[in-house]
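In our numbering, the protein residues as written are 17 to 596.
Structure, rendered in structure tokens:
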């Protein structure tokens, strides 16, 4: 397996260690920037957008780490490479021109890094450029204001571009009315208890941390003349996010693999890095620093790099199956957003304090604003989940009943259903004798109170009422009530166990009206125990390349055949992570 030793062996204990990590993540890109400039191409495929936009990603995304590195006084000798790429990329007459942005265009995403660069570091992002390149860059960036944007975290990209243009004296290109409208929309997406929904759809995922809060804190703490009303909101909402977001992280640093864009990996530390700019008490600052450092270090044992040190697409291992259609070979460098604390001086409390464990809110913690309940077991987190299901992306990243820092979620949960090979934590239906399967695709209503969650949801034309009761010791009870119009096969699946290097062990395997199946794997034990009177068969789905944490996995599940009419299924699901 490919390990990039400069990253793997970095202790990440000091500010100098973090500075070195930025250098080490950027260094493998230098040969490509030197030879290809604005047309940077890693020769590892592409994405849904054109290769010019992919090249732009490769130039822009490292800036999220380079800018704070330099703002904080760190050395960076490679500015001439970036200046050359900018000169080529914004010149419409140059063969390496990145092209103008358009409606819902990837270029708008990457413009945010250049807006940030101009806003906080114009002595490197603007002043070294010729007057011609300055004008071309300003005109290219200003184009973001004239095109349709997804109504989600993308609105921040325009705000960052506007801040950059204003900083370098190009206020004439800024649409002030658009700025005000976007700020109002962003504020309206706040759900409470620290949680943002990512836009009109109100998706709950890591974009809450590494986008909504991250950009909000940049706006409030780093940009000139922010609108005070919104700056105060962003700061207060971020403070309120610290405790609930802590439930998404294991004691050892791993985070909850829920939602899209997992290939940005330790970008999930970026909220903690941005939170270092908040006026926190010493205890809170120590906890924030601990979350930040432990999460980045949690990636060091994983083979996420190529032999030459390039970040790969995937999660805990290279894996294109889990990638979104917008993930190009250069997309993973959004992980550089984790290094925002480098802009803080070495005398800042963030760098002087010792890391502290997170402030755990308790073994069971209800989060109604996030449509979820967090459960702590053996230092790991299980989050029982009923957030908005993003059907534009892989449903498996949003439609499972639970996600865990220890038990990786399965992608392609029903792709091999005809082989009775199903993914984890779903209730799946087949009305053609197992040829095709369908699962939850939309929630109609969600109620969270204490340790219980009630969900009314849809799977095709089947409406299901589910009651989830979270219990002790990694257990939860799921009770499903639904009406069937024809005979149907129904599968209740448990948590996936990992078998990367060692095959799983079957601990219990009993079919019938008291069906139970339990597996042990490298990450712990997973058990499904039936509580109703239906006769059920036990099954083990042995899977490859589908689990985000392990390339080989196994999922225990119960299968029953039900006649038409109202039905109730009820089982207990147990996930016991390995104790660390």
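Quick reminder that beta carbons are idealized off the backbone N, C-alpha and C, glycines included.
Practice item. Could you have a look at residue 314 and say whether DSSP puts it in helix, strand or coil? Key: Position 298 of the chain shown, counted from the first residue, corresponds to residue 314. Three-state DSSP puts residue 314 in coil, outside helix and strand.
Practice item. Please state if the CB of residue 508 and the CB of residue 31 are separated by a distance shorter than 8 Å. Key: For the purposes of this step, residue 31 is identified with residue 15 of the chain shown, where counting begins at 1. For the purposes of this step, residue 508 is identified with residue 492 of the chain shown, where counting begins at 1. In this structure, the beta-carbon distance from residue 31 to residue 508 does not fall below 8 Å.
Review point. Would you call the CB atoms of residue 530 and residue 546 closer than 8 Å?
Key: Translated into positions along the chain shown, residue 530 becomes position 514. Translated into positions along the chain shown, residue 546 becomes position 530. The answer is yes: Cβ separation under 8 Å.
Review point. Using CA coordinates, which residue listed in 456, 515, 154, 520 is at the minimum distance from residue 498?
Key: The residue you call residue 498 lines up with position 482 of the chain shown. Among 456, 515, 154, 520, the Cα nearest to that of residue 498 is on 456.
Exercise for review: Measure the alpha-carbon distance for residue 137 versus residue 59 and round it to whole angstroms.
Suggested key: If you number the chain shown from 1, residue 137 lands on position 121. If you number the chain shown from 1, residue 59 lands on position 43. When rounded, the distance between both Cα atoms is 31 Å.
Check your understanding: Does the stretch 191-202 come close enough to the stretch 359-378 to have 3 or more Cβ pairs within less than 8 Å?
Key -> Using a Cβ-Cβ distance cut-off of 8 Å, the stretch 191-202 and the stretch 359-378 are not in contact, since fewer than three pairs of beta carbons, one from each stretch, lie closer than that value.
Check your understanding: What's the C-alpha gap between residue 391 and residue 397?
Key -> Working through the chain shown from its first residue, we reach residue 391 at position 375. Working through the chain shown from its first residue, we reach residue 397 at position 381. One C-alpha to the other measures close to 6 Å.
Review point. Taking Cβ to Cβ, would you say residue 160 is nearer than 8 Å to residue 127?
Key: Counted from its first residue, the chain shown places residue 160 at position 144. Counted from its first residue, the chain shown places residue 127 at position 111. Annotated as proximal: residue 160 and residue 127, with beta-carbon spacing under 8 Å.
Review point. What did DSSP end up calling residue 497 once you bin it into helix, strand or coil?
Key: If you number the chain shown from 1, residue 497 lands on position 481. Note: residue 497 maps to strand in three-state DSSP.
Check your understanding: What are the start and end residues of each continuous beta strand (DSSP E) run of 3 or more residues lying completely inside the stretch 436-485, in chain order?
Key -> Fully enclosed beta strand (DSSP E) runs of 3 or longer: 443-446, 458-465, 468-475.
**Study point:** Where residue 92 falls: helix, strand or coil (DSSP)
**Key:** Walking along the chain shown from the start, residue 92 turns up at place 76. In the structure shown, residue 92 sits in coil (DSSP, three-state: anything other than H, G, I, E or B).
Practice item. Starting from residue 553, follow the alpha helix (DSSP H) in both directions and report where the run begins and ends. Key: Numbered from its first residue, the chain shown carries residue 553 at position 537. Element bounds for residue 553: not the alpha helix (DSSP H) but the beta strand (DSSP E), 553-560.
Check your understanding: Can you tell me the Cα-Cα spacing of residue 221 and residue 535, whole angstroms?
Key -> One-based indexing of the chain shown puts residue 221 at position 205. One-based indexing of the chain shown puts residue 535 at position 519. A straight line joining the alpha-carbon of residue 221 with that of residue 535 spans about 29 Å.
Practice item. With a cut-off of 8 Å on the beta carbons, I'd call residue 120 and residue 166 a contact; round off their distance for me. Key: Stepping through the chain shown from its first residue, residue 120 is reached at position 104. Stepping through the chain shown from its first residue, residue 166 is reached at position 150. The Cβ separation is near 6 Å, so the contact holds.
Check your understanding: Which same chain residues, not among the five before or five after residue 172, have their C-beta less than 6 Å away from its C-beta?
Key -> The sequence position of residue 172 within the chain shown is 156, counting from 1. Around residue 172, the same chain offers 231 as residues with beta carbons nearer than 6 Å, after the five sequence neighbours per side are excluded.
Exercise for review: Starting from the C-beta of residue 357, find all residues in its chain whose C-beta is less than 6 Å away, skip the five residues before and the five after it, and write them out in chain order.
Suggested key: Taking the first residue of the chain shown as 1, we reach residue 357 at position 341. Taken in chain order, the residues that qualify are 289, 292, 366.
Review point. The alpha helix (DSSP H) with residue 124 in it runs from where to where?
Key: One-based indexing of the chain shown puts residue 124 at position 108. First-last of the alpha helix (DSSP H) with residue 124: 122-136.
Check your understanding: Thinking C-beta only, is residue 212 closer than 8 Å to residue 224?
Key -> In the chain shown, the residue the question calls residue 224 occupies position 208. In the chain shown, the residue the question calls residue 212 occupies position 196. In contact: residue 224 and residue 212 (Cβ atoms closer than 8 Å).
Review point. Since residue 514 sits in a beta bridge, which residues does DSSP pair it with?
Key: Looking up residue 514 in the chain shown gives position 498. Paired residues: 569.
**Study point:** Segment contact flag, the stretch 307-327 with the stretch 549-559, C-beta cutoff 8 Å, min 3 pairs
**Key:** Note that the stretch 307-327 does not touch the stretch 549-559; fewer than 3 beta-carbon pairs, one per stretch, sit closer than 8 Å.
Review point. By the 10 Å Cβ neighbour count, where 16 or more other Cβ atoms means buried, how is residue 91 classified, buried or exposed?
Key: Numbered from 1 along the chain shown, position 75 holds the residue referred to as residue 91. Here residue 91 is exposed, its C-beta having fewer than 16 other C-beta atoms within 10 Å.
Check your understanding: For residue 506 versus residue 578, is the C-beta distance shorter than 8 Å?
Key -> Along the chain shown, one-based indexing puts residue 506 at 490. Along the chain shown, one-based indexing puts residue 578 at 562. Yes, the pair counts as a contact, with Cβ atoms nearer than the cut-off.
**Study point:** residue 588 - DSSP class collapsed to helix/strand/coil
**Key:** In the chain shown, counting from the first residue as 1, residue 588 sits at position 572. Correct three-state label for residue 588: strand.
Practice item. Just grab the DSSP bridge partners of residue 383 for me. Key: On the chain shown, residue 383 is found 367 positions in, with the first residue counted as 1. In DSSP, residue 383 forms a bridge with 388.
Review point. Within 10 angstroms of its Cβ, does residue 139 collect 16 or more other Cβ (buried), or is it exposed?
Key: Taking the first residue of the chain shown as 1, we reach residue 139 at position 123. Exposed: under 16 other Cβ atoms inside 10 Å.
Review point. Any idea which residues DSSP pairs residue 544 with across the strands?
Key: Start at 1 with the first residue of the chain shown, and residue 544 comes out as number 528. For residue 544, the beta-bridge partners assigned by DSSP are 533, 589.
Review point. How many whole angstroms separate the CB atoms of residue 463 and residue 504, which I take to be in contact at a CB cut-off of 8 Å?
Key: The residue labelled residue 463 in the question sits at position 447 within the chain shown. The residue labelled residue 504 in the question sits at position 488 within the chain shown. About 26 Å; that fails the 8 Å criterion.
Review point. Measuring CA to CA, which of 284, 281, 264 is closest to residue 389?
Key: Taking the chain shown and counting its residues from 1, one reaches residue 389 at position 373. Of the listed residues, the one whose Cα sits closest to residue 389 is 264.
Check your understanding: So, are the CB atoms of residue 272 and residue 48 less than 8 Å apart?
Key -> Position 256 of the chain shown, counted from the start, is the residue given in the question as residue 272. Position 32 of the chain shown, counted from the start, is the residue given in the question as residue 48. Going by C-beta atoms, residue 272 is not nearer than 8 Å to residue 48.
Exercise for review: Going by DSSP, name the residue or residues bridged to residue 675.
Suggested key: There is no way to answer for residue 675, as the model of the chain reaches only from 17 to 596.
Exercise for review: Using DSSP bridges, identify the partner residues of residue 581.
Suggested key: Taking the first residue of the chain shown as position 1, residue 581 is located at position 565. Beta-bridge pairing links residue 581 to 500.
Point to revise | residue 423 - DSSP class collapsed to helix/strand/coil | key: To locate residue 423, count along the chain shown from 1; it is residue 407. Three-state result, residue 423: coil.
Check your understanding: With C-beta atoms as the reference, is residue 429 less than 8 Å away from residue 454?
Key -> Within the chain shown, residue 429 is the residue found at index 413, counting from 1. Within the chain shown, residue 454 is the residue found at index 438, counting from 1. Going by C-beta atoms, residue 429 is not nearer than 8 Å to residue 454.
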